[in-house]
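Enquirer: In our numbering, the protein residues as written are 237 to 372. Quick reminder that beta carbons are idealized off the backbone N, C-alpha and C, glycines included. This structure is a prediction, so every number in the text was calculated from the model and none was measured.
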Amino acid sequence: DLYNGEIIAFNTSRRPVFKMISEMLTSAWSKLKPGDRPILHSDQGWQYQMPAYRRLLEQRQVTQSMSRKGNCLDNAAMESFFAVLKSEYYYLTKFNNVEELEKGLADYIHYYNHDRIKLKLKGLSPVQYRNQPLAT
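1) Tell me whether Leu349 is buried or exposed, calling it buried when 16 or more other Cβ atoms sit within 10 Å of its Cβ.
2) Based on the DSSP output, what are the partners of Thr299 in its beta bridges?
3) Starting from Tyr344 and walking both ways along the alpha helix (DSSP H), at which residues does that stretch end?
4) At the level of alpha carbons, what is the spacing between Ser300 and Ala288?
5) Are the beta-carbon atoms belonging to Thr248 and Leu341 less than 9 Å from one another?
6) So Trp265 is in the alpha helix (DSSP H); what residue range does that whole segment cover?
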């Protein structure tokens, strides 16, 4: 979420299959409020160009946005998150099997959303920042 940098939904798979994407979207949809009309930005990966993916977005009235080909700056927020994920978790951890990696990713994303503070969020985590009362 560009508002607070929170990871709204994620999923892992051992193979690049569309089911991984559709399950991630289902998880994301469960967090929408009635009337929400989000913009979902991605790179130009094959899965984001599939008619089935586009139909899922249309059904939820989600606007699709894609990076220009070969321009990582268009997706800078996610590229930055992946750099942090790799430097704070992936490169520092030894995995004995895929299950450890998958569980560790889930644990890290929970930490990132709930506990990891950001200066640009006034020293709060993404979830803490989102949950602040709105100023009147």
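Expert: Looking at the coordinates:
1) Per the sequence shown, the amino acid found at residue 349 is Asn instead of Leu. By the 10 Å Cβ count, Asn349 comes out buried.
2) Paired residues: Ile275.
3) Where Tyr344 is concerned, the enclosing alpha helix (DSSP H) stretches over 334-350.
4) Before going on, a small fix: residue 300 reads as Gln here, not Ser. Between the alpha carbons of Gln300 and Ala288 lies a gap of roughly 13 Å.
5) Yes, the Cβ-Cβ distance between Thr248 and Leu341 is below 9 Å.
6) First-last of the alpha helix (DSSP H) with Trp265: 254-265.
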